[in-house]
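J.: First, the structure itself, so that you have it in front of you.
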Amino acid sequence: MTVKTLCRPLLCFLILSCLSCSQPSKSTSSSPAQPQPIKAAEPSASAPETKVYEVSKEDITKIPGITSRNISVKGVKLGDRTRDVDKLLGKPIKTENLPKLYRSAYENHGIYLDIDRYAGKVNTIYINTNYYKKAKGDLSDLLAHGKLDLLKKSFGENPVESTPEPNATMWEYREKGIQFIHLKQAGTASYTLKLVEPRKY
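First residue of the sequence shown: 26, per the working numbering; consecutive thereafter.
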């Protein structure tokens, strides 16, 4: 009985060891070669990890291949949930109830967010002239003065130009999810960087 009693735990341990060896993604080995592949595999299991650049900390106009999915303002990015927005930005200055979304203003009306009222997620981010002092590098200049040559140098030479409203001109980079809007109102001009989901033509 004593030999059987000693052998059972040993046999169970060997079986568990073999099972854990056959599943490397769940391995708890402390050898230095194995943790690195496991860490690299974890993000790809759910979704590819996207590097995000904060407009108040980095000059996003200098980052090659940047898209709306790489940009955050005050920590908020496309796809964030309402509860995350509340933690990062606090209470909005005002909120409009639109048919399919809520539009909220923050930071002295320098940031607007469209939040899908059914999914509860951010689907559009607006960063306008009122935020230019907090934006870094050439983005600050773009929001303050709206220089078209700087826009093209930053995001690409061939934006699609349109006039969505009589007093507004928009330059759009659909595949990047980046739009730049020049709005003229009552003798003043304002500029807005609008971030939406990237689309293919």
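Idealized CB from N, CA, C, for every residue including glycine. All values reported here derive from a predicted model rather than from experimental measurement.
Is residue 174 helix, strand or coil when you go by DSSP?
T.: Three-state result, residue 174: helix.
J.: What is the C-beta distance between residue 186 and residue 156, in whole angstroms, given that I count them as a contact (C-beta under 8 Å)?
T.: Not really, about 23 Å apart at Cβ, beyond 8 Å.
J.: Would you list the one or two residues that DSSP bridges to residue 215?
T.: Residue 215 pairs with 208.
J.: For residue 169, write down the residues that DSSP places opposite it in a beta bridge.
T.: Paired residues: none, contrary to the question.
J.: Please name the residue or residues paired with residue 153 in a DSSP beta bridge.
T.: Looking at the DSSP assignment, residue 153 forms a beta bridge with 217.
J.: Restricting to runs no shorter than 3 residues, where is the beta strand (DSSP E) found entirely within the region 85-168?
T.: Segments of the beta strand (DSSP E) lying fully in the region 85-168: 119-122, 126-131, 136-141, 147-153.
J.: Between which two residues does the beta strand (DSSP E) harbouring residue 190 extend?
T.: Per DSSP, residue 190 belongs to the beta strand (DSSP E) from 185-190.
J.: Along the chain, where does the beta strand (DSSP E) containing residue 194 start, and where does it finish?
T.: Residues 193-198.
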